[in-house]
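Residues 22 to 110 (the numbering used here) are what the sequence shown spells out, left to right.
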Amino acid sequence: MPEPSDFEIEVANEKLKGHKSPGTGQIPAELTKAGDRKISHEFHKLIISIWNKEELSQERKKSNILSIYKNGDKTGCSNCRGVSLLPIT
């Protein structure tokens, strides 16, 4: 399978949803979208590095898991759902 192209990274960046929690990397999607081609190029270099190593760093494997209450009773875990906050990079 060929490495992802610069264009594919740009398209993926454009598809990121805004107004979401930034996750463990603390980089909001709005920041990457507002950046210029230099930021896109740096993301491309990062992704190619991960692609060639075929391994994620420990930092990129971490996520924050939060419990979010559903409507109704806010006592106990039976009325919660888990949400994982992952780094967008």
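Backbone N, C-alpha and C fix where the C-beta goes; we use that ideal spot for every residue, glycine too.
With contacts defined by Cβ atoms closer than 9 Å, Asn-73 and Glu-24 form a contacting pair.
Collapsing the DSSP output to three states places Asn-85 in a strand. Contact between Ala-50 and Leu-37 holds, since their C-beta atoms are separated by about 4 Å, short of 8 Å. Around the beta carbon of His-65, 16 or more other beta carbons sit within 10 angstroms, so the residue counts as buried. When DSSP states are grouped into helix, strand and coil, Leu-37 belongs to the coil group.
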